[in-house]
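Undergrad: Residues 51 to 330, numbered by this note's numbering, are exactly what the sequence shown covers, in order. One structure follows; several queries about it will come next.
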Amino acid sequence: MDEQQQVVEGEPGEQEVGAGAGAGILHMFGRQLKLCRDRAELGSRSGYSASTIASFEQGRRIPPGKFIDRADEVLGAGGVLVAGKEEVARAQYPAFFRDAARLEAEADELHVYDAQLVNGLLQTEEYARAVFAMWQPVLDEATIGQRVAARLARQEVFNRQPAPHFSFVIEEAVLLRPLGGETVWRGQAEHLRLVAEKRNVVIQVMPSSRQEHAGLAGPFTLMETKDGRRVAYTEVQGDSRVHTERRKVRELERTYGILRAQALTPTDSLALIEKMLGER
Numbered sequence: 051m052d053e054q055q056q057v058v059e060g061e062p063g064e065q066e067v068g069a070g071a072g073a074g075i076l077h078m079f080g081r082q083l084k085l086c087r088d089r090a091e092l093g094s095r096s097g098y099s100a101s102t103i104a105s106f107e108q109g110r111r112i113p114p115g116k117f118i119d120r121a122d123e124v125l126g127a128g129g130v131l132v133a134g135k136e137e138v139a140r141a142q143y144p145a146f147f148r149d150a151a152r153l154e155a156e157a158d159e160l161h162v163y164d165a166q167l168v169n170g171l172l173q174t175e176e177y178a179r180a181v182f183a184m185w186q187p188v189l190d191e192a193t194i195g196q197r198v199a200a201r202l203a204r205q206e207v208f209n210r211q212p213a214p215h216f217s218f219v220i221e222e223a224v225l226l227r228p229l230g231g232e233t234v235w236r237g238q239a240e241h242l243r244l245v246a247e248k249r250n251v252v253i254q255v256m257p258s259s260r261q262e263h264a265g266l267a268g269p270f271t272l273m274e275t276k277d278g279r280r281v282a283y284t285e286v287q288g289d290s291r292v293h294t295e296r297r298k299v300r301e302l303e304r305t306y307g308i309l310r311a312q313a314l315t316p317t318d319s320l321a322l323i324e325k326m327l328g329e330r
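The structure is reproduced here in structure tokens:
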């Protein structure tokens, strides 16, 4: 995750980006926008300044989806600009995560095993900021801000209808690690407790006292798409892979099944989180 992305002042919701953050996609969108536009008219009818629209055209900022919709309408682009909206949105993620982000946003089922930190879909803003502040190589403040915003945007998947099914197995050691300090830790633990109360979300804790453990090879994510495809995602030290081959996916599905059997039940997991909150 060494792409350097910059946020600048302007209308909320758009970020300035460098060469490593999907710049090709953004420049292509910018050329399409420039071909369609009357900048003065678009500015007056969209609520965006001429300088901001220019930054979109030059690929220096990531335009928010609402701007793309409005620009397509105002300019009579006939869907040309809207057609690239998903690709533009994915430019906010590090290159290695973009395919997984697309699958995650469309998944009907998502099952996650985490061993180092709370999964991004479950992170509070403060916890996410603490995580990126500790990243190596060091990220600048602008990049941290952009990464936090992108991580929180992923959590919109919880609001989809019909609601996807989520399950998470989290190591107890992850819950004990006070990343960002006690205040951040408490906010994160309370957030987990609230998310666990959703009917479509199951959170289980893997106790550190277990003598058997099926997940020693590391964290992973399993997803099932709307058309019934099953895929897996693995990541370590910035190297990632989306697995589609059935044999590999089935191996990880079996592993996850064993992990869920070894972990505490959802009820006992919630009780453990509440106990942690009461003891600190």
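All C-beta atoms in this analysis are idealised placements derived from N, C-alpha and C, irrespective of residue type, glycine included. This one's a predicted model, so the numbers in the text were calculated from it and none came from an experiment.
At the level of alpha carbons, what is the spacing between residue 293 and residue 101?
TA: Numbered from its first residue, the sequence shown carries residue 293 at position 243. Numbered from its first residue, the sequence shown carries residue 101 at position 51. Whole-angstrom Cα-Cα distance: 42 Å.
Undergrad: Using 8 Å for Cβ pairs, my map puts residue 83 next to residue 121. What's the rounded Cβ distance?
TA: Counted from its first residue, the sequence shown places residue 83 at position 33. Counted from its first residue, the sequence shown places residue 121 at position 71. So it is a contact: roughly 6 Å between Cβ atoms.
Undergrad: Since residue 242 is in the alpha helix (DSSP H), which residue starts that stretch and which ends it?
TA: As a working note, residue 242 is residue 192 in the sequence shown. 232-245 is the extent of the alpha helix (DSSP H) around residue 242.
Undergrad: Whole alpha helix (DSSP H) runs in the stretch 161-236 with 4 or more residues, listed along the chain?
TA: 175-183, 191-204, 222-226
Undergrad: On the DSSP letters alone, give me the boundaries of the alpha helix (DSSP H) that residue 266 sits inside.
TA: Position 216 of the sequence shown, counted from the start, is the residue given in the question as residue 266. First-last for residue 266: undefined, no H or E at that position.
Undergrad: Residues in its own chain within less than 8 Å of residue 275 by CB, not counting five upstream and five downstream?
TA: As a position in the sequence shown, residue 275 is number 225, starting the count at 1. Around residue 275: 153, 156, 157, 158, 281.
Undergrad: Look up residue 254 in the DSSP assignment and give the residues it is bridged to.
TA: Along the sequence shown, read from residue 1 onward, the residue named residue 254 stands at position 204. Answer is 219, bridged to residue 254.
Undergrad: Under 6 Å: does the beta carbon of residue 268 sit that close to some heavy atom of the ligand COA?
TA: The model depicted lacks the ligand COA and carries no ligand whatsoever.
Undergrad: Can you tell me whether DSSP reads residue 99 as helix, strand or coil?
TA: Here the question's residue 99 lines up with position 49 in the sequence shown. Here residue 99 sits in coil by DSSP.
Undergrad: Give me, in chain order, the residues of the same chain whose beta-carbon lies closer than 7 Å to that of residue 230; leave out the 5 immediate sequence neighbours on both sides.
TA: Taking the sequence shown and counting its residues from 1, the one referred to as residue 230 is at position 180. Hits under 7 Å: 176, 177, 180.
Undergrad: Assuming residue 173 and residue 210 form a contact by the criterion Cβ under 8 Å, report the distance between their Cβ atoms to the nearest whole angstrom.
TA: Translated into positions along the sequence shown, residue 173 becomes position 123. Translated into positions along the sequence shown, residue 210 becomes position 160. About 18 Å; that fails the 8 Å criterion.
Undergrad: Can you give the Cα-Cα distance for residue 53 and residue 192, rounded to whole angstroms?
TA: Position 3 of the sequence shown, counted from the start, is the residue given in the question as residue 53. Position 142 of the sequence shown, counted from the start, is the residue given in the question as residue 192. Any reading at residue 53 must be qualified, since the residue scores a pLDDT of 35, below 50, and its modelled position is unreliable; the value itself is stated next. Residue 53 and residue 192: Cα-Cα distance of roughly 12 Å.
Undergrad: Mind the definition here: the stretch 213-232 touches the stretch 294-310 only if three or more C-beta pairs lie below 8 Å; say whether that holds.
TA: Judged by pairs of C-beta atoms under 8 Å, the stretch 213-232 touches the stretch 294-310, as three or more such pairs exist.
Undergrad: Assuming residue 290 is part of the beta strand (DSSP E), what are its boundary residues?
TA: Counted from its first residue, the sequence shown places residue 290 at position 240. 289-293 is the span of the beta strand (DSSP E), which, as asked, contains residue 290.
Undergrad: What residue does the beta strand (DSSP E) around residue 280 start on, and which one ends it?
TA: Here residue 280 refers to the residue found at position 230 of the sequence shown. That run of the beta strand (DSSP E) goes 280-286.
Undergrad: Using the beta-carbon count (16 or more within 10 Å), is residue 244 buried or exposed?
TA: Start at 1 with the first residue of the sequence shown, and residue 244 comes out as number 194. With fewer than 16 Cβ atoms within 10 Å of its Cβ, residue 244 is classed as exposed.
Undergrad: My assumption, with CB atoms under 8 Å, is that residue 313 sits in contact with residue 254. Please give the rounded CB distance.
TA: Counting from 1 along the sequence shown, the entry for residue 313 is found at position 263. Counting from 1 along the sequence shown, the entry for residue 254 is found at position 204. 4 Å between Cβ atoms; contact.
Undergrad: With 16 other CB atoms within 10 Å as the buried threshold, where does residue 131 fall?
TA: The residue given as residue 131 occupies position 81 in the sequence shown. So residue 131 ends up on the buried side.
Undergrad: Excluding the five sequence neighbours on either side, which residues of its own chain have a C-beta within less than 8 Å of the C-beta of residue 324, listed in chain order?
TA: As a first step, residue 324 is located in the sequence shown; it is residue number 274 there, counting from the start. In its chain, beyond the 5 residues on either side, 243 have a beta carbon closer than 8 Å to the beta carbon of residue 324.
Undergrad: Beta-carbon separation of residue 169 and residue 213 under 7 Å?
TA: Numbered from its first residue, the sequence shown carries residue 169 at position 119. Numbered from its first residue, the sequence shown carries residue 213 at position 163. No; because the gap between Cβ atoms is not below 7 Å, this pair is not in contact.
Undergrad: With distances taken Cα to Cα, identify the nearest neighbour of residue 320 among 261, 204, 222, 206.
TA: To locate residue 320, count along the sequence shown from 1; it is residue 270. Of the listed residues, the one whose Cα sits closest to residue 320 is 222.
Undergrad: Return the bridge partner residues of residue 334 from the DSSP annotation.
TA: The chain is shown from 51 up to 330; residue 334 falls before or after that span and cannot be answered.
Undergrad: Tell me which residue opens and which closes the alpha helix (DSSP H) that residue 150 is part of.
TA: By 1-based counting over the sequence shown, the position of residue 150 is 100. Start and end: 148-156.
Undergrad: CA-CA distance, residue 299 and residue 148?
TA: Taking the sequence shown and counting its residues from 1, one reaches residue 299 at position 249. Taking the sequence shown and counting its residues from 1, one reaches residue 148 at position 98. Each residue's Cα considered, the two are about 19 Å apart.
Undergrad: Give me the Cα-Cα distance between residue 329 and residue 259, rounded to the nearest whole angstrom.
TA: Indexing the sequence shown from 1 puts residue 329 at position 279. Indexing the sequence shown from 1 puts residue 259 at position 209. Straight-line Cα distance between these residues: approximately 19 Å.
Undergrad: Taking only the alpha-carbon atoms, compute the straight-line gap between residue 151 and residue 113 and give it to the nearest angstrom.
TA: Counting from one through the sequence shown, the residue named residue 151 turns up at place 101. Counting from one through the sequence shown, the residue named residue 113 turns up at place 63. Cα atoms of residue 151 and residue 113: separation of roughly 18 Å, rounded to the nearest angstrom.
Undergrad: Taking the alpha carbon of residue 287 as the point to measure from, which residue in 266, 182, 186 has its own alpha carbon closest?
TA: The sequence position of residue 287 within the sequence shown is 237, counting from 1. Cα-wise, what sits closest to residue 287 is 186.
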